[in-house]
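Colleague: The structure that follows is given in the form of structure tokens.
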Amino acid sequence: MKITAAKVFIGGPGKNYVTLKIETDQGVYGLGDATLNNRESLTAKYLEDYIAPNLIGLDPRRSEDIWQFFYRGAYFRRGPIAMAAFGAVDMALWDIKGKLANMPLYDLFGGKSREGAMVYAHATGSDLEDLKDSISYYVEQGYKAVRVQCGVPGMPSASYGVSETKGDVENYITDFSGIRPKVEVWDSDLYMRYMPKALEEIRDTFSPDLHILHDVHHRLLPREAAAFAKSVEPVGLYWLEDPTPAEDQDALRLLRQHSTVPVAIGEVFNSIFDCNKLIENELIDFIRVAVTYAGGITHVKRIVDLAGLHHVRTGFHGAPSHSPLCMAAQAHLNAWAPNFGIQEYLVLGTPECDALFPSDHKMENGLFHVSDAPGLGVDFDEKEAERYSYVAGSHPVVRLQDGTLWNY
2 MKITAAKVFI GGPGKNYVTL KIETDQGVYG LGDATLNNRE SLTAKYLEDY
52 IAPNLIGLDP RRSEDIWQFF YRGAYFRRGP IAMAAFGAVD MALWDIKGKL
102 ANMPLYDLFG GKSREGAMVY AHATGSDLED LKDSISYYVE QGYKAVRVQC
152 GVPGMPSASY GVSETKGDVE NYITDFSGIR PKVEVWDSDL YMRYMPKALE
202 EIRDTFSPDL HILHDVHHRL LPREAAAFAK SVEPVGLYWL EDPTPAEDQD
252 ALRLLRQHST VPVAIGEVFN SIFDCNKLIE NELIDFIRVA VTYAGGITHV
302 KRIVDLAGLH HVRTGFHGAP SHSPLCMAAQ AHLNAWAPNF GIQEYLVLGT
352 PECDALFPSD HKMENGLFHV SDAPGLGVDF DEKEAERYSY VAGSHPVVRL
402 QDGTLWNY
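Under the working numbering, residues 2 to 409 are what the sequence shown spells out, in order.
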């Protein structure tokens, strides 16, 4: 069995999804997601110019050797662009394996550990009352877990993940008006004075059974993060996400010394070498890598196994920067992983997205149910893909009130 073609597609409804299709001489094809948010054209070019020519003629069943070929064969290793490209290849090869075996991927991993995987939604509000309305909406939809973000009074611009428009619950961050990013202004003191009280009010308003998550998005210094975590302990957060910049992993030691709040981190990590010490030293409670960014199923499965040895659960990244292909790969891992925790889930199921990526995966009552179709269980409509093309976009950048550039 040989690979005969590797095609790259870029575009989608409201996102620049980068889709890889690997074809074989037996008519079986596999699909992978290489979407790197706001750098999508780079992974597409990497796949087209470097990866695809090296795939032709290889046996797609040898996914481990192919992964090692691209990873070890590159003198300058890792990084989000390369690992997203490798991730798409690996995803597609696992898709082919599943189709050849006529089995869903979770069976190739060892079978299901659960029937449904708990997911969390993003509740957001321009102010606290607006946020409460957003939380109520998701609770009524059956969600058991909600990430909460709201505007901070006196903050010169919107906080992370928060729209300045009241009632806007679909703030997906990316601005497609051009490549130059907008600027948000941040004030840590205002945030630290306001947000603990806001989180306490949310806990008082909603059932003790509701899992509440909150994302700091790397914006606090180590001492600030430790103080903030200690102050929100009474809330009983399911997790506190990215309290400090991910590069400074020792910062989490200070937080651990002062608070028992569960910590989630890792969505910007690209390999096991970015997070192995955090896991082995048990400085985190949830690992947030994504199958695309972290090099595919083969590599992420290693991270999950390592995490399981150290009481660390999964909490895979699931923002709409990942296409339904990545979300399907993670759904199969979620169904299998003994140390599964939760899955981030922003609704992708629009009619346009379903037409481009048809599948029988479904979300009901706060649980994601993976289909039993062979492979990833997601198809790709090339005719539908012709409707879309690349559109330049960007995330905001953040500055402090005095103009200093800060962590996005």
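In this text, a Cβ means the ideal position worked out from N, Cα and C, and glycines have one as well.
Report the CB separation of Y144 from A86 in whole angstroms; it is logged as a contact under 8 angstroms.
Modeller: In the sequence shown, counting from the first residue as 1, residue 144 sits at position 143. In the sequence shown, counting from the first residue as 1, residue 86 sits at position 85. Actually they are not in contact, since the Cβ atoms of Y144 and A86 sit about 33 angstroms apart, beyond 8 angstroms.
Colleague: Name the DSSP bridge partner or partners of S395?
Modeller: Sequence index remark: in the sequence shown, residue 395 carries index 394 (1-based). Answer by DSSP bridge pairing, in chain order: D176.
Colleague: In chain order, which continuous runs of the alpha helix (DSSP H) of length 4 or greater are located wholly inside the stretch 93 to 155?
Modeller: 106 to 110 and 129 to 141
Colleague: I need the straight-line Cα distance from G249 to I280, nearest angstrom please.
Modeller: The residue given as residue 249 occupies position 248 in the sequence shown. The residue given as residue 280 occupies position 279 in the sequence shown. Note on residue identity: the sequence assigns Asp, not Gly, to residue 249. In a straight line, the C-alpha of D249 is about 14 angstroms away from that of I280.
Colleague: By the three-class DSSP mapping on this structure, what secondary structure does F270 have?
Modeller: Translated into positions along the sequence shown, residue 270 becomes position 269. Correct three-state label for F270: coil.
Colleague: Would you please state the rounded distance, in angstroms, between the beta carbons of V233 and L191? I believe it to be under 8 angstroms.
Modeller: Residue mapping note: residue 233 aligns to position 232 of the sequence shown, counting from 1. Residue mapping note: residue 191 aligns to position 190 of the sequence shown, counting from 1. Their Cβ separation, rounded to whole angstroms, is 16 angstroms, which puts V233 and L191 out of contact at 8 angstroms.
Colleague: What would DSSP say about Y239, mapped onto helix, strand or coil?
Modeller: Working through the sequence shown from its first residue, we reach residue 239 at position 238. Coil, per DSSP.
Colleague: Just checking, does the stretch 34 to 51 make contact with the stretch 69 to 86 on the three C-beta pairs under 8 angstroms criterion?
Modeller: yes
Colleague: Give the C-beta separation of L377 and L106 to the nearest angstrom, bearing in mind that I take them to be a contact with Cβ-Cβ under 8 angstroms.
Modeller: Numbered from 1 along the sequence shown, position 376 holds the residue referred to as residue 377. Numbered from 1 along the sequence shown, position 105 holds the residue referred to as residue 106. Going by Cβ atoms, the distance from L377 to L106 rounds to 6 angstroms, so yes, they are a contact pair.
Colleague: Please name the residue, chosen from T175, R204, I180 and V217, that lies closest to D188 on a Cα-to-Cα basis.
Modeller: Here residue 188 is taken as the residue at index 187 of the sequence shown, counted from 1. Closest by alpha carbon: V217.
Colleague: Check whether the Cβ atoms of V379 and L32 lie closer than 8 angstroms to each other.
Modeller: Start at 1 with the first residue of the sequence shown, and residue 379 comes out as number 378. Start at 1 with the first residue of the sequence shown, and residue 32 comes out as number 31. Cβ distance < 8 angstroms, so V379 and L32 count as in contact.
Colleague: Y450 and I11: beta carbons closer than 8 angstroms?
Modeller: Only positions 2 to 409 of the chain appear in this structure, which leaves residue 450 out of reach.
Colleague: On the CB-based measure, 16 or more other CB atoms within 10 Å of its CB, does I180 come out buried or exposed?
Modeller: As a position in the sequence shown, residue 180 is number 179, starting the count at 1. Exposed: under 16 other Cβ atoms inside 10 Å.
Colleague: How is I82 classed by DSSP in three states: helix, strand or coil?
Modeller: Here residue 82 refers to the residue found at position 81 of the sequence shown. Residue state, collapsed to three classes: helix.
Colleague: Could you check where the beta strand (DSSP E) with K198 kicks off and where it finishes?
Modeller: For this step, residue 198 is matched to residue 197 along the sequence shown. Here K198 belongs to no beta strand (DSSP E); instead the alpha helix (DSSP H) covers S189 to T206.
Colleague: So, are the CB atoms of V149 and I136 less than 8 angstroms apart?
Modeller: Indexing the sequence shown from 1 puts residue 149 at position 148. Indexing the sequence shown from 1 puts residue 136 at position 135. Yes, they are a contact pair.
Colleague: Take Y139 as the anchor and find which of A230, R289 and E365 has the nearest alpha-carbon.
Modeller: Walking along the sequence shown from the start, residue 139 turns up at place 138. Per the Cα distances, E365.
Colleague: For K113, I'd like the list of residues in its chain whose CB is within less than 7 angstroms of its CB, leaving aside the five on either flank, ordered along the chain.
Modeller: Translated into positions along the sequence shown, residue 113 becomes position 112. Result list for K113: Y107, A336 and W337, in chain order.
Colleague: Could you tell me which residues DSSP puts in a beta bridge with Y30?
Modeller: Here residue 30 is taken as the residue at index 29 of the sequence shown, counted from 1. According to DSSP, Y30 bridges with E24.
Colleague: Reducing DSSP to helix, strand and coil, say where G88 ends up.
Modeller: For the purposes of this step, residue 88 is taken as residue 87 along the sequence shown, with counting starting at 1. Looking at G88 - three-state DSSP - the assignment turns out to be helix.
Colleague: If I measure Cβ to Cβ from T206 and keep anything under 7 angstroms in the same chain, skipping five residues before and after, which residues do I get?
Modeller: Stepping through the sequence shown from its first residue, residue 206 is reached at position 205. Contacts found: K133.
Colleague: At the level of alpha carbons, what is the spacing between S260 and L284?
Modeller: Position 259 of the sequence shown, counted from the start, is the residue given in the question as residue 260. Position 283 of the sequence shown, counted from the start, is the residue given in the question as residue 284. Rounded to whole angstroms, the gap between the alpha carbons of S260 and L284 is 11 angstroms.
Colleague: To the nearest angstrom, how far is it from the Cα of V262 to the Cα of L241?
Modeller: By 1-based counting over the sequence shown, the position of residue 262 is 261. By 1-based counting over the sequence shown, the position of residue 241 is 240. Going from the Cα of V262 to the Cα of L241 covers about 7 angstroms.
Colleague: Grouping DSSP H, G and I as helix and E and B as strand, with all else coil, what is E248?
Modeller: Residue numbering aside, residue 248 sits at position 247 when the sequence shown is read from its first letter. In this structure, E248 counts as coil in the three-state DSSP scheme.
Colleague: If we call anything under 8 angstroms between Cβ atoms a contact, is L59 one with K3?
Modeller: As a position in the sequence shown, residue 59 is number 58, starting the count at 1. As a position in the sequence shown, residue 3 is number 2, starting the count at 1. Going by C-beta atoms, L59 is nearer than 8 angstroms to K3.
Colleague: Give the straight-line distance between the Cα atoms of R63 and G88, rounded to the nearest whole angstrom.
Modeller: As a working note, residue 63 is residue 62 in the sequence shown. As a working note, residue 88 is residue 87 in the sequence shown. Rounded to whole angstroms, R63 to G88 spans 15 angstroms at the Cα level.
Colleague: Compute the distance between the beta-carbons of S322 and N38, then report whether it is under 8 angstroms.
Modeller: Working through the sequence shown from its first residue, we reach residue 322 at position 321. Working through the sequence shown from its first residue, we reach residue 38 at position 37. Contact: yes.
Colleague: Roughly how far, in whole angstroms, is the beta-carbon of F381 from the beta-carbon of T20, given that I think they are within contact range, below 8 angstroms?
Modeller: On the sequence shown, position 380 is the one that residue 381 refers to. On the sequence shown, position 19 is the one that residue 20 refers to. In this structure F381 is in contact with T20, their Cβ atoms being roughly 6 angstroms apart against a cut-off of 8 angstroms.
Colleague: I believe Y346 touches A122 by the beta-carbon criterion, under 8 angstroms. Please report the beta-carbon distance rounded to the nearest angstrom.
Modeller: Position 345 of the sequence shown, counted from the start, is the residue given in the question as residue 346. Position 121 of the sequence shown, counted from the start, is the residue given in the question as residue 122. The Cβ separation is near 7 angstroms, so the contact holds.
Colleague: Among K302, R289, G117 and G296, whose alpha-carbon lies nearest the alpha-carbon of R73?
Modeller: Along the sequence shown, read from residue 1 onward, the residue named residue 73 stands at position 72. Cα-wise, what sits closest to R73 is G296.
Colleague: At what residues does the beta strand (DSSP E) containing E365 begin and finish?
Modeller: Start at 1 with the first residue of the sequence shown, and residue 365 comes out as number 364. Where E365 is concerned, the enclosing beta strand (DSSP E) stretches over K363 to E365.
Colleague: Does DSSP put K231 in a helix, a strand or coil?
Modeller: To locate residue 231, count along the sequence shown from 1; it is residue 230. Residue state for K231 is assigned as helix, using DSSP reduced to three classes.
Colleague: Since H300 is in the alpha helix (DSSP H), which residue starts that stretch and which ends it?
Modeller: Counted from its first residue, the sequence shown places residue 300 at position 299. From DSSP, the alpha helix (DSSP H) with H300 extends over I298 to L310.
Colleague: Does the Cβ-Cβ distance between V264 and C276 come in under 8 angstroms?
Modeller: For this step, residue 264 is matched to residue 263 along the sequence shown. For this step, residue 276 is matched to residue 275 along the sequence shown. It is not a contact, given that the beta carbons lie outside the stated cut-off.
Colleague: Got a sec? Which residues, its chain only, sit under 7 angstroms from L129 by beta carbon, not counting five neighbours each side?
Modeller: To locate residue 129, count along the sequence shown from 1; it is residue 128. For L129, where only same-chain residues beyond five positions count, the Cβ hits under 7 angstroms are C151, A199 and E202.
Colleague: Kindly list the residues whose CB is nearer than 6 angstroms to the CB of G342, restricted to its own chain and excluding five residues on each side of it in sequence; keep chain order.
Modeller: For the purposes of this step, residue 342 is identified with residue 341 of the sequence shown, where counting begins at 1. Contacts found: F287, R314, T315 and G316.
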